[in-house]
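See below for the structure under consideration.
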Amino acid sequence: MSVTDEESSWTVSAFQGGTLVLEKLDDSDVEPRHLPRASRMEMIRVRGMSARGDLAALQQLDRLPGYEQPTSRSPSRQMPVDWGSVQLGEAC
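Per the UniProt record's numbering, the very first residue in the sequence shown carries number 1; after that it's consecutive.
So, in structure tokens, the structure goes:
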């Protein structure tokens, strides 16, 4: 699942393995950042930041450079989160 702020073109992508990726798809000079092992609640919270266009809050997150590198125990391709199963009342 990805959420893009139309005004700034920042995108937050959430994956089932718990990785959140923050990237600016239209600017290759801006390095993507990721948050590994994010809980479901953290995914909802960060997705909400992006949906509100709260870039200051997104930039304050403790992120790592680039995309998360798969380990030998994790699949090489992560699957997107099924947000249809997320209860919106669970949001922070």
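Using N, Cα and C, we set each Cβ at its ideal position, and we do this for glycine too. Keep in mind that this is a model prediction, so the values were computed, not measured.
What is the DSSP secondary structure of Leu35, counted as helix, strand or coil?
By one-based count along the sequence shown, residue 35 stands at place 35. Note: Leu35 maps to strand in three-state DSSP.
Have a look at Arg52, Gly53, Val12 and flag the residue whose alpha-carbon is nearest the alpha-carbon of Leu63.
Looking up residue 63 in the sequence shown gives position 63. Position check: residue 63 holds Arg in this sequence, whereas Leu was assumed. Out of Arg52, Gly53, Val12, Val12 has the C-alpha closest to the C-alpha of Arg63.
Based on the DSSP output, what are the partners of Thr4 in its beta bridges?
For the purposes of this step, residue 4 is identified with residue 4 of the sequence shown, where counting begins at 1. Answer by DSSP bridge pairing, in chain order: Thr11.
Mind checking Met43: buried by the 16 CB within 10 Å criterion, or exposed?
The count along the sequence shown starts at 1 and reaches residue 43 at position 43. Flag for Met43 reads buried.
Between Ser2 and the rest of its own chain, which residues show a CB-CB distance below 6 Å, the 5 nearest in sequence each way excluded?
Position 2 of the sequence shown, counted from the first residue, corresponds to residue 2. Excluding residues within five positions, the ones whose Cβ falls inside 6 Å are Thr11, Ser13.
Of the choices Asp29, Arg52, Leu61, Leu55, whose alpha-carbon is the least far from that of Pro36?
The residue given as residue 36 occupies position 36 in the sequence shown. Among Asp29, Arg52, Leu61, Leu55, the Cα nearest to that of Pro36 is on Leu61.
Just verifying my parser: in three-state terms, what is the DSSP assignment at residue 95?
Not covered by the structure: residue 95. The range shown for the chain is 1 to 92.
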